[in-house]
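To keep things clear, I will list the structure first and then write my remarks on it.
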Amino acid sequence: MSIVTVQLGQCGNQIGFEVFDALFSDSHCPQGLCSKRENEAYQASCKERFFSEEENGVPIARAVLVDMEPKVINQTLSKAAHSGRWKYGQHSCFCQKQGSGNNWAYGYSVHGPRHEESIMNLIQKEVEKCDSLNGFFIIMSMAGGTGSGLGAFVTQNLQDQYSNSLKMNQIIWPYGTGEVIVQNYNSILTLSHLYRSSDALLVHENDAVHKICAKLMNIKQISFRDINQVLAHQLGSVFQPTYSGEGSFHYRRNPLGAFKDPALYTSWLEPVHAFSVWKTQRAFSKYEKSAALVSNSQFLVKPLDTIVGKAWNMFASKAYIHQYTKFGIEEEDFLDSFTLLEQVIASYCNLGF
Amino acid sequence: MTQSVVIQVGQCGNQIGCCFWDLALREHAAVNQKAIYDEAISSFFRNVDTRVVGDGGSISKGKICSLKARAVLIDMEEGVVNEILQGPLRDVFDSKQLITDISGSGNNWAVGHKVFGSLYQEQILEKLRKSAEHCDCLQCFFIIHSMGGGTGSGLGTFLLKVLEDEFPEVYRFVTSIYPSGEDDVITSPYNSMLAMKELNEHADCVLPIDNQSLFDIISKIDLMVNSGKLGTAIKPKSLVTSSAGAFKKRQEKPFDAMNNIVANLLLNLTSSARFEGSLNMDLNEISMNLVPFPQLHYLVSSLTPLYTLADVNIPSRRLDQMFSDAFSKDHQLIRADPKHSLYLACALMVRGNVQISDLRRNIERLKPSLRFVSWNQEGWKTSLCSVPPVGHSHSLLALANNTCVKPTFIELRERFTRLYRKRAHLHHYLQIEGMEESCFTEALSSLSALIQEYNQLDATKSMPAEELPRLSIAV
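First to last, the sequence lines map onto chains L and H. Each step along the first sequence adds one to the number in the UniProt record's numbering, with nothing skipped, and position 283 is 283. Each step along the second sequence adds one to the number in the UniProt record's numbering, with nothing skipped, and position 389 is 389.
Next comes the structure, spelled out in structure tokens:
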């Protein structure tokens with residue numbers, strides 16, 4: 001069961017590289033802390049999922065790289081090739097010369113339709129290399145123009161063309177204090193569109209990962225590379241092969257018991273349905289014991305509410321709107337996005353206990 | 001990657017332009033040690049095999065043969081352009097990309113705009129089309145000119161309309177040198193006012209710069225060097241202070257040093273688009289993020305380091321000093337007080353070994369002392385370019401869309417009114433075909449409307465940020 005990854009924009013491509021690198025390093029780790037047979041099964045499964053074979057044995061990432069300007073893709077390709085351990089496919093990239101200018105409308109309404117055929121063809125080629133396709137993993141940021149706008153467009157296309165396959169979007173929530181001034185506009189437009197076409201949105205907040213680097217890892221001068229590596233580590237531990245189902249726990253105490261507390265869940269959800277465990281004997285990334293938690297909770301209501309609030313505030317003054325209407329995104333499109341997201345916020349808030 | 005074309009108009013424009021090309025060459029020479037013609041260089045230079053006659057000489061890849069600037073040089077006098085063509089940069093310019101005349105514009109906007117505009121329109125179009133053809137993907141025109149004279153001001157702004165009509169998709173970034181109070185050109189208020197209307201209507205982004213600020217910066221550098229303070233030696237390789245690799249005597253050509261600063265501004269502005277970094281910023285992102293409303297497109301720039309220190313490995317504390325400096329009046333290229341005015345948006349373009357945490361720490365630190373408009377409280381746009389400028393370990397360019405430009409425009413309006421009220425020198429303009437009094441009154445209303453926009457924004461400064469009611473949804 002293979003996953004095809006689509007990396008979009010500077011953020012998507014920079015993270016994508018770290019993710020594949022983390023997956024590869026982990027699966028080729030000699031100390032799996034398990035039996036040899038177990039380790040081999042693990043490696044084979046990981047490989048099948050994320051890499052395809054090449055003649056000379058160098059694994060090729062099952063990925064399509066998309067960006068509207070060449071610098072980042074060039075860097076990403078050469079970083080991968082340099083490592084000598086794995087690489088990206090020679091013809092797996094789609095690149096243009098002029099970026100999206102941090103403009104969601106440009107990414108969605110101009111680049112999207114213009115390059116639809118080429119991009120979807122590239123993805124199709126990658127899909128054909130899979131024996132059996134599990135789904136798509138789309139890595140994008142919300143703040144910029146390509147990852148956000150073109151990412152939303154591509155996800156929509158994937159929904160149309162591969163409606164039976166799973167689509168999971170890895171979204172990067174920007175720092176609260178700007179990386180991009182129009183990031184709140186770009187974010188609400190992205191989220192509202194993804195809500196209609198994606199199956200799952202996996203969110204990483206730059207602020208949160210930054211705190212991890214600062215407080216937990218004590219990194220002094222935090223770079224985007226540090227942030228992306230933490231992210232990749234988290235994603236890796238979620239994606240690497242595990243077995244589902246209950247079984248006897250091998251730990252002395254049962255730390256997972258806390259998750260069986262009904263107070264965590266809504267009244268209409270039983271803990272046994274809400275909480276699932278997947279585990280494996282095989283260590284991840286040389287950690288003797290590790291755990292990753294993926295949750296669907298009210299945790300994201302506050303960040304979402306903040307972004308919607310800021311975007312609404314800016315929208316009321318009509319600032320920057322001319323940059324969007326120039327490329328076909330009208331005020332009604334903004335209002336539609338606000339409406340949808342307010343509904344999401346309300347739904348989450350109204351989860352009665 | 002995209003290309004940009006520089007159009008240098010008039011004496012000031014061409015002198016600054018010349019400094020820019022000199023610095024650009026040296027920057028690329030320092031970065032590109034193997035002399036391969038790469039995409040970064042191609043943003044400003046063509047690679048030409050000079051043995052080939054005619055147009056076929058362009059080489060897109062491989063070793064650098066001969067670099068030609070993507071530039072159009074326009075002047076209605078021959079002196080400055082001739083000097084450039086006889087100087088050390090003569091081979092960098094394509095001799096076909098020049099438009100010159102002999103008589104000059106006589107410090108008269110009307111002569112530059114109406115007379116030379118119509119006379120040279122066809123030629124201008126031809127040269128521009130040629131430059132565009134040589135580009136794979138043309139993104140931006142950089143126009144460099146002064147506001148106070150006749151050619152830069154008049155013909156330079158005539159160009160803007162031509163560019164807008166002929167290349168509507170290509171950004172028009174204008175670097176405008178505003179006259180200082182004690183300008184020796186009596187009619188500079190007329191010229192500047194008439195030019196402002198064109199900038200209002202046809203430029204995407206304007207970087208106003210005034211001579212006084214540049215002069216103050218240069219004087220400060222001189223002071224620091226001559227005071228002989230320990231540790232304040234200017235690094236000889238620094239592109240900020242020298243344009244010939246060697247330490248030039250300040251007294252010889254004061255304008256050269258001032259022009260270098262403007263040239264540095266343009267280099268740093270485009271660095272993140274040319275070179276790699278962990279958070280790139282392309283030129284189209286400048287306009288997108290810093291221009292919330294089409295008419296409010298005047299950006300105050302400030303550059304650090306200017307008064308450089310001899311240390312190469314600047315520790316974190318000094319790095320933070322760089323950020324503080326960028327927000328100090330000493331480093332601004334226009335006299336204005338952004339700290340006591342209202343920010344609409346601010347961009348920080350960092351070069352060198354600076355990481356996201358350094359950027360964030362400094363934004364958090366400086367934010368409380370700056371006032372942002374209510375609908376853009378976190379209005380920061382940031383970029384990180386890994387390649388530092390030559391001779392420095394890092395640098396910072398801050399671009400602010402701030403109501404502090406208002407006083408500059410108000411002063412301009414006052415100087416204009418003082419002259420216009422007495423109808424002094426007006427006949428020089430009105431006698432030009434196509435010029436009427438309405439040109440003056442329209443320019444005045446255009447500027448007044450702009451000042452009014454800034455006034456309205458300033459009025460919101462003291463108001464508390466309201467919590468606007470959100471959409472209520474039936475669940």
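Beta carbons are placed, not taken as given, at the ideal position from N, Cα and C, and that holds for glycine.
> Taking the alpha-carbon positions, what's the M1 of chain H to F275 of chain H distance?
Replying inline: In a straight line, the C-alpha of M1 of chain H is about 10 Å away from that of F275 of chain H.
> If you scan the UniProt domain "Tubulin/FtsZ 2-layer sandwich" (279-414) of chain H from start to end, which runs of the alpha helix (DSSP H) of 4 or more residues do you find wholly inside it?
Replying inline: 283-290, 316-326, 356-366
>> 7 Å is my cut-off, CB to CB: does E276 of chain H come that close to chain L?
In response: yes
>> Buried or exposed for D330 of chain H, going by 16 or more other Cβ atoms inside 10 Å?
In response: exposed
> Around the C-beta of T304 of chain H, are 16 or more other C-beta atoms found within 10 angstroms, so that it is buried, or is it exposed?
Replying inline: A residue is called buried once 16 or more other Cβ atoms fall within 10 Å of its Cβ, and T304 of chain H is buried on that count.
> Since V180 of chain L and A143 of chain L are thought to touch, with beta carbons under 8 Å apart, how far apart are those beta carbons, to the nearest angstrom?
Replying inline: Indeed they touch by this definition, with Cβ atoms about 5 Å apart.
> Under the DSSP definition of a beta bridge, which residues are partnered with R46 of chain H?
Replying inline: Beta-bridge pairing links R46 of chain H to H:K68.
>> By the DSSP assignment, the beta strand (DSSP E) with L150 of chain L in it spans what residues?
In response: Premise fails: L150 of chain L is in no beta strand (DSSP E) and is neither H nor E.
> E205 of chain L by DSSP, collapsed to three states: which one?
Replying inline: strand
>> Taking only three categories from DSSP, how would you classify A143 of chain L?
In response: coil
> Is the segment 35-46 of chain L close to the segment 158-178 of chain L, with three or more CB pairs under 8 Å?
Replying inline: no
> When the Cα of N56 of chain L is compared with those of L:L65, L:K87, L:F50, which residue comes out closest?
Replying inline: Of the listed residues, the one whose Cα sits closest to N56 of chain L is L:K87.
>> Residues in the same chain with beta-carbon distance under 8 Å from N313 of chain L, minus the five sequence neighbours each way, listed in chain order, please.
In response: Hits under 8 Å: none found.
> Where does the unbroken alpha helix (DSSP H) through N121 of chain L begin, and where does it stop?
Replying inline: 112-128
> Any idea which residues DSSP pairs W312 of chain L with across the strands?
Replying inline: Paired residue(s): none; W312 of chain L is not in a bridge.
>> Tell me the DSSP secondary structure of H322 of chain L in three-state form.
In response: helix
>> With H, G and I counted as helix, E and B as strand and the rest as coil, what does DSSP make of R90 of chain H?
In response: helix
> From L:Q98, L:N103, L:G107, L:S118, pick the residue whose C-alpha is nearest to that of H91 of chain L; which is it?
Replying inline: L:S118
> Is S317 of chain L close to chain H, meaning its C-beta is less than 7 Å from at least one C-beta of that chain?
Replying inline: Cβ-Cβ to chain H under 7 Å: yes for S317 of chain L.
> DSSP state of P189 of chain H, grouped into three classes?
Replying inline: helix
> So with Cβ pairs under 7 Å, would you call G328 of chain L a contact of chain H?
Replying inline: no
>> Tell me the DSSP secondary structure of W268 of chain L in three-state form.
In response: coil
> Counting contacts by CB-CB distance shorter than 7 Å, is V180 of chain L in contact with chain H?
Replying inline: Yes, contact with chain H.
> Any contact of the segment 424-444 of chain H with the segment 56-74 of chain H, i.e. 3+ C-beta pairs under 8 Å?
Replying inline: Between the segment 424-444 of chain H and the segment 56-74 of chain H, the count of C-beta pairs closer than 8 Å stays below three; the two stretches do not touch.
> From the DSSP output, which residues share a beta bridge with K167 of chain L?
Replying inline: L:F136
> Roughly how many whole angstroms lie between the Cα atoms of I36 of chain H and R46 of chain H?
Replying inline: 12 Å
> Taking the C-alpha atoms as reference points, what is the distance between T50 of chain H and S188 of chain H?
Replying inline: 42 Å
> Are there 16 or more other CB atoms within 10 angstroms of the CB of I186 of chain H, so buried, or fewer, so exposed?
Replying inline: exposed
> Roughly how many angstroms lie between the CA atoms of A316 of chain L and Q452 of chain H, to the nearest whole one?
Replying inline: 20 Å
> Does any CB atom of chain L fall closer than 7 Å to the CB of Q3 of chain H?
Replying inline: no
>> With three or more C-beta pairs closer than 8 Å as the rule, is the segment 403-418 of chain H touching the segment 339-346 of chain L?
In response: Look at the beta carbons and you see the segment 339-346 of chain L not touching the segment 403-418 of chain H: under three pairs across the two are nearer than 8 Å.
> Looking at the unbroken beta strand (DSSP E) that takes in T339 of chain L, where does it start and where does it end?
Replying inline: Element bounds for T339 of chain L: not the beta strand (DSSP E) but the alpha helix (DSSP H), 331-349.
>> Please return the same chain residues whose Cβ sits closer than 8 Å to the Cβ of S271 of chain H, not counting the five positions on each side in sequence.
In response: Excluding positions up to five away in sequence, the list reads M349, R351, C385, V387, P389.
>> Which residue marks the beginning of the beta strand (DSSP E) containing Q139 of chain H, and which one marks its end?
In response: Q139 of chain H -> beta strand (DSSP E) spans 138-146.
>> Tell me the rounded alpha-carbon separation between F323 of chain H and L359 of chain H.
In response: When rounded, the distance between both Cα atoms is 9 Å.
>> Can you pull the chain L neighbours of L399 of chain H, defined as C-beta to C-beta under 8 Å?
In response: Chain L residues near L399 of chain H: none, gap ~11 Å exceeds 8 Å.
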